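Protein chains in written order, with this note's numbering: chain D, 25 to 215; chain U, 25 to 215. Quick notes on the structure that follows.
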């Protein structure tokens, strides 16, 4: 994963730059814990963000869909794509409305996808997807047959760069708000 | 929310078109239950997908960030944007790897944002955000003061079109797989 400052900065220039990191272990840990990726691409100048399941193999993400899917075909052509995974860890309730926040861990990945076409590589990629969903599941579930393999489009998205962002801990409040008779703390997100 | 077939189709031409819907009540229900939106835009030809908190007011979504944020400034300029909200309801485990799936509800919204600048409108928009996070919270938390208001950029994203997609229920498996000695069913997603 190389670091291209211009693109990474674009993702990081937000409210709290101190929350950003390009640490690869952190990036991988977040990707491994997430289940849904939001995949962004541009189609006719219009940004499109679609939720997809995924799996990780090193610095590559495996995506899949139906062979006739226009989305899969567009991605397979190697257009620039952005894959974002967000874990919501808690709602941060403060005494002031302004200091409300969320605890989260997110990764923004930039890269391009290429189609996986050889049957063996496709099988391995689909195993990665199923193992990501439920570790150990490929030992139990029936493996795809030739018909199922040919009906499935598989993409290999190479993470060219990625940055993680993390917010954790209690609300950060100004001292003058602390005496206010309002409950403050972190609640679980519930979804 | 008007329906522009060309853009909505682009989001819906995926593996299971029968899962798609433009029903406004369903779209609103999903948006009201979600906590994190994935906001997509194009910057220098590169798609960018950023997680953001949000609130809904009718067919508009409220977004916010810091005034110096380049992301907020780009969105405020009225570029085409895509806001996607996904609720993961369960992991669908089937007897065959191919039939594994996820139960989810998602909404893909297309539109453009405009800045909210008047102080009163900003206060109302920020109330919408806080109420979305924790209903009733604006009655308890201290309201933003003038300094906090001026430090916060608020955007009003008008949903020009939106489509929902829902997958629910047990795994759909072929009859010949049913005798396989593998557990199948729906598990909670856990995150």
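From the three backbone atoms N, C-alpha and C, an ideal C-beta is built for every residue, glycine too. Just so it is clear, the structure is predicted and the values come from calculations on it, not from any experiment.
- Separation of residue 138 of chain D from residue 101 of chain D, as counted between CA atoms: Within the first chain, numbered from 1, the residue matching residue 101 of chain D stands at position 77. Within the first chain, numbered from 1, the residue matching residue 138 of chain D stands at position 114. So the alpha carbons of these two residues sit roughly 7 Å apart.
- Message: Quick check on DSSP: helix, strand or coil for residue 77 of chain D?
- Response: Within the first chain, the letter at position 53 stands for residue 77 of chain D. Three-state result, residue 77 of chain D: strand.
- Message: Helix, strand or coil, according to DSSP, for residue 172 of chain D in the structure here?
- Response: Within the first chain, numbered from 1, the residue matching residue 172 of chain D stands at position 148. Here residue 172 of chain D sits in helix by DSSP.
- Task: From the DSSP output, in three-state form, read off residue 69 of chain U for me.
- Result: Here the question's residue 69 of chain U lines up with position 45 in the second chain. Residue state, collapsed to three classes: coil.
- Query: Taking the C-alpha atoms as reference points, what is the distance between residue 157 of chain U and residue 79 of chain U?
  - Reply: Indexing the second chain from 1 puts residue 157 of chain U at position 133. Indexing the second chain from 1 puts residue 79 of chain U at position 55. C-alpha separation (whole angstroms): 8 Å.
- Query: So, is the C-beta of residue 181 of chain D closer than 7 Å to a C-beta in chain U?
  - Reply: By one-based count along the first chain, residue 181 of chain D stands at place 157. It does not: the Cβ of residue 181 of chain D has no partner Cβ on chain U nearer than 7 Å.
- Task: Under 6 Å Cβ to Cβ from residue 103 of chain D, same chain only, skipping five residues before and after it: list those, please.
- Result: The count along the first chain starts at 1 and reaches residue 103 of chain D at position 79. 65.
- Could you pull out every residue in the same chain whose Cβ sits closer than 7 Å to the Cβ of residue 105 of chain U, ignoring the five residues on either side in sequence? Counting from 1 along the second chain, the entry for residue 105 of chain U is found at position 81. 63, 64, 65, 99, 135, 136, 137, 181.
- Message: Tell me the rounded alpha-carbon separation between residue 210 of chain D and residue 119 of chain D.
- Response: Mapped onto the first chain, residue 210 of chain D falls at position 186. Mapped onto the first chain, residue 119 of chain D falls at position 95. Cα to Cα, the separation comes out at about 12 Å.
- Message: By the DSSP assignment, the beta strand (DSSP E) with residue 149 of chain D in it spans what residues?
- Response: Working through the first chain from its first residue, we reach residue 149 of chain D at position 125. Per DSSP, residue 149 of chain D belongs to no beta strand (DSSP E); it is in the alpha helix (DSSP H), 143-157.
- Could you tell me the distance, in whole angstroms, from the CA atom of residue 185 of chain U to the CA atom of residue 107 of chain U? As a first step, residue 185 of chain U must be located in the second chain, where it is residue number 161. As a first step, residue 107 of chain U must be located in the second chain, where it is residue number 83. Those two C-alpha atoms are separated by around 11 Å.
- Task: Rank D/56, D/69, D/150 by C-alpha distance to the C-alpha of residue 125 of chain U and give the top, closest one.
- Result: To locate residue 125 of chain U, count along the second chain from 1; it is residue 101. Out of D/56, D/69, D/150, D/150 has the C-alpha closest to the C-alpha of residue 125 of chain U.
- Can a CB atom of chain D be found closer than 7 Å to the CB of residue 112 of chain U? Within the second chain, the letter at position 88 stands for residue 112 of chain U. So yes, residue 112 of chain U belongs to the interface.
- Contact check, residue 121 of chain U vs residue 145 of chain D under 8 Å by CB: the rounded distance? Counted from its first residue, the second chain places residue 121 of chain U at position 97. Counted from its first residue, the first chain places residue 145 of chain D at position 121. Wrong, their Cβ atoms sit about 15 Å apart, outside the cutoff.
- What's the gap between the Cα of residue 1 of chain U and the Cα of residue 200 of chain D? Because residue 1 of chain U is not part of the residues shown, which for chain U are 25 to 215, the question remains open.
- Message: On a Cα-Cα basis, can you pick out the residue from D/113, D/170, D/117 that is closest to residue 141 of chain D?
- Response: Here residue 141 of chain D refers to the residue found at position 117 of the first chain. Of the candidates D/113, D/170, D/117, the one whose C-alpha sits nearest the C-alpha of residue 141 of chain D is D/170.
- Query: Three-state secondary structure (DSSP) at residue 211 of chain U?
  - Reply: Position 187 of the second chain holds residue 211 of chain U. Correct three-state label for residue 211 of chain U: strand.
- Are residue 130 of chain D and residue 205 of chain U closer than 7 Å when you measure CB to CB? Position 106 of the first chain holds residue 130 of chain D. Position 181 of the second chain holds residue 205 of chain U. No, the pair does not count as a contact, with Cβ atoms beyond the cut-off.
- Message: Let me see if you follow: with CB-CB separation under 7 Å, is residue 76 of chain D close to chain U or not?
- Response: By one-based count along the first chain, residue 76 of chain D stands at place 52. Output row for residue 76 of chain D: interface = no.
- Do you know how far the Cα of residue 163 of chain U is from the Cα of residue 148 of chain U? Here the question's residue 148 of chain U lines up with position 124 in the second chain. Here the question's residue 163 of chain U lines up with position 139 in the second chain. Those two C-alpha atoms are separated by around 13 Å.
- State buried or exposed for residue 114 of chain U, treating a residue as buried only when at least 16 other CB atoms are found within 10 Å of its CB. As a first step, residue 114 of chain U is located in the second chain; it is residue number 90 there, counting from the start. Burial call: buried.
- Task: Would you verify that the beta carbon of residue 164 of chain D is, or is not, closer than 7 Å to some beta carbon of chain U?
- Result: As a first step, residue 164 of chain D must be located in the first chain, where it is residue number 140. Output row for residue 164 of chain D: interface = yes.
- Test: residue 37 of chain U CB closer than 7 Å to a CB of chain D: Residue numbering aside, residue 37 of chain U sits at position 13 when the second chain is read from its first letter. Residue placement at residue 37 of chain U is poorly supported in this model, since its pLDDT is 41, which falls under 50; the coordinates are not used for a value here.
- Message: When you compare the CB of residue 53 of chain D with every CB in chain U, is at least one pair closer than 7 Å?
- Response: Your numbering for residue 53 of chain D matches position 29 in the first chain. For residue 53 of chain D, the answer is no, since every Cβ of chain U falls outside 7 Å of its Cβ.
- Query: Does the beta carbon of residue 106 of chain U sit closer than 7 Å to a beta carbon anywhere in chain A?
  - Reply: No chain A appears in this structure, whose protein chains are D and U.
- Task: Compare the Cα-Cα distances from residue 179 of chain D to each of D/85, D/46, D/52, D/54 and report the closest residue.
- Result: As a position in the first chain, residue 179 of chain D is number 155, starting the count at 1. Per the Cα distances, D/85.
- Item | chain U residues whose Cβ lies nearer than 7 Å to that of residue 148 of chain D | Position 124 of the first chain holds residue 148 of chain D. Within chain U, no residue comes near residue 148 of chain D; the closest Cβ sits about 12 Å away, beyond 7 Å.
- Message: Short of 8 Å Cβ to Cβ, which residues in the region 122-144 of chain D face chain U?
- Response: 122, 124, 126, 128, 130, 132, 134
- Message: Check this for me: beta carbons of residue 60 of chain D and residue 212 of chain U, under 7 Å apart or not?
- Response: In the first chain, residue 60 of chain D corresponds to position 36, counting from 1. In the second chain, residue 212 of chain U corresponds to position 188, counting from 1. For residue 60 of chain D and residue 212 of chain U, no; Cβs fall outside 7 Å.
- Taking Cβ-Cβ distances shorter than 8 Å, what residues in chain U pair up with residue 87 of chain D? Along the first chain, read from residue 1 onward, the residue named residue 87 of chain D stands at position 63. Correct list: empty, because the minimum Cβ distance to chain U is about 12 Å.
- Could you give the DSSP three-state label for residue 51 of chain D: helix, strand or coil? If you number the first chain from 1, residue 51 of chain D lands on position 27. Residue state, collapsed to three classes: helix.
- Beta-bridge partners of residue 85 of chain D, as assigned by DSSP: In the first chain, counting from the first residue as 1, residue 85 of chain D sits at position 61. Answer is D/80, D/181.
- Item | Close Cβ partners of residue 93 of chain U (< 7 Å) along its chain, the five nearest in sequence each way excluded | Looking up residue 93 of chain U in the second chain gives position 69. Here the set comprises 177.
- Query: Residues bridged to residue 43 of chain D by DSSP?
  - Reply: If you number the first chain from 1, residue 43 of chain D lands on position 19. Paired residue(s): none; residue 43 of chain D is not in a bridge.
- Task: Give the DSSP-derived three-state secondary structure of residue 101 of chain D in the structure shown.
- Result: Here residue 101 of chain D is taken as the residue at index 77 of the first chain, counted from 1. Residue 101 of chain D: coil per DSSP, three-state reduction.
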